[in-house]
Amino acid sequence: MDQQLHVFVTVAEMENFSRAAEELHMTQPAVSQYIQSFERTMGTKLLERSNKFVRLNKAGEIVYHHAKEILGLYTKMHYLIDDLTNKTSGPLSIGASYTFGEYVLPHVIAKMYRKYPLITPTITIGNTKDVANLVLGHQLEVGIVEGEFKDKNLLIEPFAVDSMYLVTSPKHRLAQKNGEINISELAEETWIVRENGSGTREATEKMFRTCEIIPKKTLEFGSTQLIKESVEAGLGISLLSYWAIRKECSIGSLNVLNVKQLPITREFSIVLRSPFQTKALNVFLELLRESKAIPDL
Numbered sequence: 000m001d002q003q004l005h006v007f008v009t010v011a012e013m014e015n016f017s018r019a020a021e022e023l024h025m026t027q028p029a030v031s032q033y034i035q036s037f038e039r040t041m042g043t044k045l046l047e048r049s050n051k052f053v054r055l056n057k058a059g060e061i062v063y064h065h066a067k068e069i070l071g072l073y074t075k076m077h078y079l080i081d082d083l084t085n086k087t088s089g090p091l092s093i094g095a096s097y098t099f100g101e102y103v104l105p106h107v108i109a110k111m112y113r114k115y116p117l118i119t120p121t122i123t124i125g126n127t128k129d130v131a132n133l134v135l136g137h138q139l140e141v142g143i144v145e146g147e148f149k150d151k152n153l154l155i156e157p158f159a160v161d162s163m164y165l166v167t168s169p170k171h172r173l174a175q176k177n178g179e180i181n182i183s184e185l186a187e188e189t190w191i192v193r194e195n196g197s198g199t200r201e202a203t204e205k206m207f208r209t210c211e212i213i214p215k216k217t218l219e220f221g222s223t224q225l226i227k228e229s230v231e232a233g234l235g236i237s238l239l240s241y242w243a244i245r246k247e248c249s250i251g252s253l254n255v256l257n258v259k260q261l262p263i264t265r266e267f268s269i270v271l272r273s274p275f276q277t278k279a280l281n282v283f284l285e286l287l288r289e290s291k292a293i294p295d296l
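So in numbering that gives the first Met the number 0 the end of the sequence shown lands on 296, straight run, no missing numbers.
Structural data, given as structure tokens:
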């Protein structure tokens, strides 16, 4: 059954029998036979076929979604058993929200690779909601998310604290101001924020509510790097993580405002679907927990 699932998922993703056969190192007739046998087992057609494409029908979409989960669990089971007798090695699928994934995770991975070169990590970067959903679907073994995240179907472990600061261009009028700024003074500014589902956006919205301000204008960008470049260009101001801005602040391309209510803090959390862990995942989690609190500027 696992081979049938693998062939079915490959055909669905390639949308073509010939390309799927190449990917699977099989003949096209063999792929077709697997699909026909699988459809007989399921009792219904799963694919719409034409001369130009192969696409999932409604039943196929349901089977494809669950097949991905089943194959993920099968692979994890295999490596858990293999770990009982072999040294720490093998693949490790990691997901992380943008801030941690782009600015902190590379350093953790580098440290792991120096100690355990036989571990082969793959990294998926997305917003908090996307990463959590991939862990729920068994498509990632572990996720690192931002903010006050909760889900009764996931094991959630806060492990690090992040400080967030308000940044402007060094040429911005507020950067020239002496003394402490009250955040309520900034309602007239253009705020550049992340998209909904992002931990950084959640922290920004929470700050707006706590400080009882309604920004006159907001711009929504889907990338922290794009936000930093836009702030540096003088387009607006933004609340960003210490890890995201430390290089720019050290060279003077971004300026941290002295705001009365800041910095604010938030947590990074580890999210897992299952308590059963491979040796590779255990090693990664140990290194992750060693990161502890994230320092202030």
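Beta carbons are placed, not taken as given, at the ideal position from N, Cα and C, and that holds for glycine.
The structure displayed is predicted, hence computed values, not measured ones.
Can the beta-carbon of residue i be found less than 8 Å from the beta-carbon of residue j?
{"i": "lysine 259", "j": "asparagine 177", "result": "no"}
{"i": "serine 88", "j": "alanine 279", "result": "yes"}
{"i": "glycine 198", "j": "glutamate 145", "result": "yes"}
{"i": "isoleucine 34", "j": "phenylalanine 52", "result": "no"}
{"i": "isoleucine 122", "j": "leucine 104", "result": "yes"}
{"i": "glutamate 179", "j": "asparagine 254", "result": "no"}
{"i": "serine 162", "j": "proline 262", "result": "yes"}
{"i": "threonine 209", "j": "valine 192", "result": "no"}
{"i": "phenylalanine 267", "j": "isoleucine 143", "result": "yes"}
{"i": "proline 116", "j": "isoleucine 93", "result": "no"}
{"i": "threonine 98", "j": "tryptophan 190", "result": "no"}
{"i": "glutamate 204", "j": "lysine 227", "result": "no"}
{"i": "glutamate 219", "j": "glutamate 188", "result": "no"}
{"i": "threonine 264", "j": "leucine 79", "result": "no"}
Note down, in chain order, each residue of its chain lying with its Cβ closer than 8 Å to the Cβ of residue i, except the 5 sequence neighbours on either side.
{"i": "leucine 153", "result": "Ala131, Val134, Leu135, Val270, Leu271 and Arg272"}
{"i": "glycine 196", "result": "Asn126, Thr127, Lys128 and Asp129"}
{"i": "glutamate 22", "result": "Thr9 and Met13"}
{"i": "threonine 26", "result": "Ala20"}
{"i": "serine 36", "result": "Gln3"}
Output the boundary residues of the alpha helix (DSSP H) element that contains residue i.
{"i": "tyrosine 112", "result": "104-114"}
{"i": "glutamate 228", "result": "223-231"}
{"i": "valine 30", "result": "27-41"}
{"i": "serine 183", "result": "From DSSP, serine 183 is part of no alpha helix (DSSP H); its letter is neither H nor E."}
{"i": "glycine 198", "result": "198-210"}
{"i": "leucine 8", "result": "As written in the sequence, residue 8 is valine, which differs from the leucine given in the question. Element bounds for valine 8: 1-13."}
{"i": "serine 249", "result": "241-250"}
{"i": "phenylalanine 283", "result": "278-289"}
{"i": "alanine 131", "result": "127-135"}
Excluding the five sequence neighbours on either side, which residues of its own chain have a C-beta within less than 7 Å of the C-beta of residue i, listed in chain order?
{"i": "alanine 186", "result": "Ile212, Ile213, Pro214 and Lys215"}
{"i": "valine 30", "result": "Val6, Val10, Phe16, Ala19, Ala20 and Leu23"}
{"i": "alanine 292", "result": "Because the pLDDT of alanine 292 is 49, which lies under 50, any placement of that residue in the model is unreliable, and the number read from its coordinates should be weighed accordingly. Closer than 7 Å at Cβ, skipping near neighbours: Ala159 and Val160."}
{"i": "leucine 286", "result": "Val107, Lys110 and Met111"}
{"i": "glutamate 38", "result": "Lys44 and Leu45"}
{"i": "valine 230", "result": "Val166, Thr167, Ser168, Ile191, Ile236, Ser237 and Leu253"}
Who are the near neighbours of residue i in its chain, counting only those whose CB is closer than 6 Å to its CB and skipping five residues on each side?
{"i": "leucine 72", "result": "His137"}
{"i": "glutamate 201", "result": "Gly146"}
From what residue to what residue does the beta strand (DSSP E) around residue i run?
{"i": "phenylalanine 158", "result": "154-167"}
{"i": "isoleucine 124", "result": "118-124"}
{"i": "arginine 268", "result": "Strictly speaking, residue 268 in this sequence is serine, with arginine absent from that position. Taken as a continuous stretch (DSSP letters only), the beta strand (DSSP E) holding serine 268 covers 263-271."}
{"i": "glutamate 188", "result": "Run containing glutamate 188: none; DSSP gives neither H nor E here."}
Measuring only between beta-carbons, confirm whether residue i sits less than 8 Å from chain B.
{"i": "alanine 109", "result": "Going by chain labels, chain B is absent from the structure shown, which holds only one protein chain."}
For residue i, write down the residues that DSSP places opposite it in a beta bridge.
{"i": "alanine 19", "result": "None, per the DSSP bridge assignment."}
{"i": "asparagine 195", "result": "The partner list for asparagine 195 (beta bridge, DSSP) is empty, contrary to what the question assumes."}
{"i": "glycine 142", "result": "Gly94 and Val270"}
{"i": "glutamate 47", "result": "Arg54"}
{"i": "lysine 216", "result": "Thr189"}
{"i": "valine 258", "result": "Ile180"}
{"i": "glycine 89", "result": "Ile118"}
Q) Touch check for the segment 232-244 and the segment 162-181: three-plus C-beta pairs under 8 Å? A) Contact between the segment 232-244 and the segment 162-181 is present: three or more C-beta pairs spanning the two stretches fall below 8 Å.
Q. Quick one: any contact between the segment 131-148 and the segment 57-73, if contact means 3 or more CB pairs under 8 Å?
A. Cβ pair count under 8 Å is three or more, so yes.
(Q) Would you call the segment 37-45 in contact with the segment 109-117, where contact means no fewer than 3 C-beta pairs closer than 8 Å? (A) By the Cβ rule, the segment 37-45 does not count as touching the segment 109-117, because fewer than three pairs are nearer than 8 Å.
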